[in-house]
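A.B. asks: Got a structure for you, questions after.
Protein chains in written order, with UniProt numbering: chain A, 1 to 285; chain B, 1 to 293.
Structure below.
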């Protein structure tokens with residue numbers, strides 16, 4: 001019950017508070033999206049072949065979006081996210097952040113990975129959150145520590161600032177990773193199936209918390225998932241990718257879908273639509 | 001009726017509910033006995049092993065009753081005491097240790113530099129793997145005649161063979177450690193803009209620390225062996241030598257108890273290094289971080 005109430009509260013206010021971020025109200029956004037992916041083809045090389053992971057994928061992420069890349073495995077969504085993070089160079093097309101083509105990884109696009117070992121085990125929780133701030137020379141040590149403690153408080157881990165990652169549960173580790181990313185105040189926050197390795201109850205809780213944080217902080221989020229439900233709950237826009245090679249099948253608005261509306265007809269109908277779009281071409285076994 | 005519904009249309013079992021009475025907290029946690037907790041300490045267990053070994057040595061020596069071939073533990077202890085009291089043994093130990101530390105530090109530094117090069121470039125990696133496969137099997141002592149020819153009798157020759165004995169073993173270990181660093185951690189580091197030496201220093205070295213420490217331990221053991229052996233070989237013509245020279249000299253004069261005292265010092269320094277220095281480093285780093293058990 002409390003979950004449903006809180007969710008309604010979050011989403012109800014979100015649509016009002018984030019008005020400023022909608023493309024229509026921001027003159028700059030109309031010309032330059034926060035993130036522009038333009039006709040991007042990504043390839044990876046094996047010993048014998050060059051394999052096409054995505055083919056001419058285009059989409060725009062506006063400031064304040066919760067943009068979800070959704071598709072079955074093999075649709076190149078994670079590869080796409082890695083390219084946006086700068087770990088891969090597109091074979092064709094361009095990726096622009098605030099109008100500037102990206103070259104290599106950088107602290108303006110912080111990634112939250114799925115794997116728990118993304119936290120250096122030799123750093124305490126606080127040092128982990130400070131790490132990118134100090135490593136990228138964004139803040140001095142003192143200021144970084146201050147911001148790390150503030151951000152940890154926001155994700156509810158203030159008490160664990162001096163704990164080492166190996167003493168935390170999976171959900172807490174992901175919270176640290178999220179805090180670490182948020183503390184950097186990146187231009188876009190990239191999340192690669194961050195909750196996929198968690199149990200169902202923890203995942204539900206983390207989705208809620210992420211939305212509450214978005215509500216508080218108003219960051220721009222690009223989120224990769226293979227779960228239709230998660231896409232609808234997290235995203236305000238969903239990009240559907242078809243597999244082999246990854247191509248854009250559809251782009252849908254789903255700001256009305258939330259954890260508490262999962263039983264509603266509209267949400268169910270959208271789930272059906274997404275399911276049909278993703279799987280209609282599949283041959284029955 | 002579905003295939004799974006094997007019990008028929010009505011399940012006769014009723015729903016069950018329980019009231020949970022409060023639990024006595026004292027029953028949940030029982031303190032273990034002092035003896036058990038003491039036995040948990042590895043220091044205690046290791047000490048017991050050492051004491052048993054010394055007792056066995058003493059018994060065998062007394063049965064043999066031939067101090068020239070096998071002095072007893074007590075005789076060795078007394079020789080050790082005299083050696084230490086006269087200052088001869090301490091001088092020898094410090095001579096050995098100073099050479100050892102120099103060679104060890106230089107070898108470790110070169111190993112780190114070579115592996116850093118190896119993770120940065122492809123040609124660097126090829127260089128490292130080729131060099132290690134060439135030189136790693138080559139015994140350091142086999143290089144000693146050459147070293148004496150090049151650097152003459154003295155410290156420089158010893159340091160040369162020490163570096164050779166430490167470098168390759170450590171380089172192999174460190175490189176294996178660097179290669180084992182998880183892809184996610186690497187990407188996280190690059191994500192924050194770390195490159196080149198900062199990337200090695202802030203991501204690779206701490207992430208590969210378990211392998212690095214293993215390399216340091218192996219390097220240390222190799223260095224000790226090489227040093228003592230080298231001193232035994234050319235200590236004969238050198239005026240002031242280290243522990244190896246001490247052992248060699250006393251064997252020539254048939255002071256077998258002094259030979260044993262010298263060997264005991266080598267062993268004790270090895271034990272101290274392993275159990276105090278390396279153990280503390282591990283406890284403060286990799287164990288504390290949960291990287292090794």
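Beta carbons: idealized from backbone N, C-alpha and C, even for Gly.
Given the structure is predicted, the values throughout are model-derived calculations rather than measurements.
(1) Which one of 75(A), 80(A) and 45(A) has the shortest CA to CA distance from residue 191(A)?
(2) Beta carbons nearer than 7 Å to chain B: which residues of the stretch 38–62 of chain A have them?
(3) Tell me which same chain residues have a C-beta within less than 7 Å of the C-beta of residue 42(A), skipping the five on either side of it?
(4) Note down, in chain order, all residues in the stretch 107–127 of chain A with a beta-carbon under 7 Å from any beta-carbon belonging to chain B.
(5) At least one CB of chain B closer than 8 Å to the CB of residue 132(A): is that the case?
(6) For chain A, find out if any of its Cβ atoms is closer than 8 Å to the Cβ of residue 283(B); answer yes or no.
(7) Applying the criterion that 16 or more other CB atoms from any shown protein chain within 10 Å of the CB defines a buried residue, is residue 154(B) buried or exposed?
(8) Counting only runs that start and end within the stretch 173–259 of chain A, where is the beta strand (DSSP E) found for 3 or more residues in a row?
(9) Going straight from the alpha carbon of residue 35(A) to that of residue 200(B), what length do you get?
(10) Check the Cβ of residue 185(B) against every Cβ in chain A and list those closer than 7 Å, keeping chain order.
(11) Using alpha carbons as the reference points, say which of 47(A), 48(A) and 71(A) lies closest to residue 275(A).
(12) Give me the Cα-Cα distance between residue 137(B) and residue 219(B), rounded to the nearest whole angstrom.
(13) For residue 64(B), which three-state DSSP category applies?
(14) Tell me which same chain residues have a C-beta within less than 7 Å of the C-beta of residue 106(A), skipping the five on either side of it?
(15) Between which two residues does the beta strand (DSSP E) harbouring residue 45(A) extend?
(16) Which two residues bound the contiguous beta strand (DSSP E) that contains residue 61(A)?
(17) At a CB-CB cut-off below 7 Å, which residues of chain B make contact with residue 136(A)?
(18) Can you list, in chain order, the residues of its chain whose CB lies under 7 Å from that of residue 24(B), leaving out five sequence neighbours each side?
(19) Run the CB neighbour count on residue 31(A), radius 10 Å, all protein chains shown included, and call it buried at 16 or more, exposed below.
(20) Please confirm whether residue 181(B) and residue 203(B) have their CB atoms less than 8 Å apart.
(21) At which residues does the beta strand (DSSP E) containing residue 69(A) begin and terminate?
(22) Excluding five sequence neighbours on each side, which residues of the same chain lie with their C-beta closer than 8 Å to the C-beta of residue 263(B)?
(23) Going along chain B, which residues have a C-beta under 7 Å from residue 103(A)?
(24) Is the CB of residue 17(A) under 8 Å away from at least one CB in chain B?
(25) Is residue 223(B) closer than 8 Å to residue 176(B) when the C-beta atoms are compared?
(26) Which residues in the same chain as residue 172(A) place their Cβ atom closer than 8 Å to its Cβ, once the five residues preceding and following it in sequence are excluded?
(27) Would you decide whether residue 178(B) is buried or exposed? Buried here means 16 or more other CB atoms lie within 10 Å of its CB.
(28) Among the candidates 146(B), 16(B), 47(B) and 100(B), whose CA atom is the shortest distance from the CA of residue 228(B)?
(29) Among the residues of its own chain, which have a CB less than 7 Å from the CB of residue 236(B), if the five just before and after it don't count?
(30) Run down chain A in chain order and give the residues with a C-beta less than 8 Å from the C-beta of residue 288(B).
(31) Any idea what DSSP makes of residue 101(A), helix, strand or coil?
(32) Does chain B have any CB closer than 8 Å to the CB of residue 85(A)?
(33) Would you call the stretch 160–168 of chain B and the stretch 133–150 of chain B touching, i.e. three or more CB-CB distances under 8 Å?
(34) What residues from the stretch 196–218 of chain B come within 8 Å of chain A, judged by C-beta to C-beta, listed N to C?
(35) Give the secondary structure of residue 292(B) by DSSP, where H, G and I count as helix, E and B as strand, and everything else as coil.
(36) If you reduce the DSSP assignment to three classes, tell me which class residue 261(A) lands in.
C.D. replies: A quick look at the data gives this:
(1) 80(A)
(2) none
(3) 53, 54, 76, 79, 80, 83, 88, 90 and 91
(4) 107, 110, 111, 113, 115, 117, 118, 120, 121 and 122
(5) yes
(6) no
(7) exposed
(8) 188–192, 221–225, 237–242 and 247–253
(9) 31 Å
(10) 117, 118 and 120
(11) 71(A)
(12) 14 Å
(13) helix
(14) 86
(15) 35–45
(16) 50–61
(17) 192 and 193
(18) none
(19) exposed
(20) yes
(21) 66–70
(22) 247
(23) The premise fails here: residue 103(A) is roughly 12 Å from chain B at the closest Cβ pair, so nothing lies under 7 Å.
(24) Here residue 17(A) scores only 40 on pLDDT, less than 50, and its place in the model should not be relied on; the value that follows carries that caveat. For residue 17(A), the answer is no, since every Cβ of chain B falls outside 8 Å of its Cβ.
(25) no
(26) 157 and 160
(27) buried
(28) 100(B)
(29) For residue 236(B), the predicted model reports a pLDDT of 47, less than 50, meaning its position is unreliable; a value from the coordinates is still stated below. Excluding sequence neighbours, residue 236(B) sits near 248.
(30) 164
(31) strand
(32) yes
(33) yes
(34) 198, 202, 203, 206, 207 and 209
(35) coil
(36) helix
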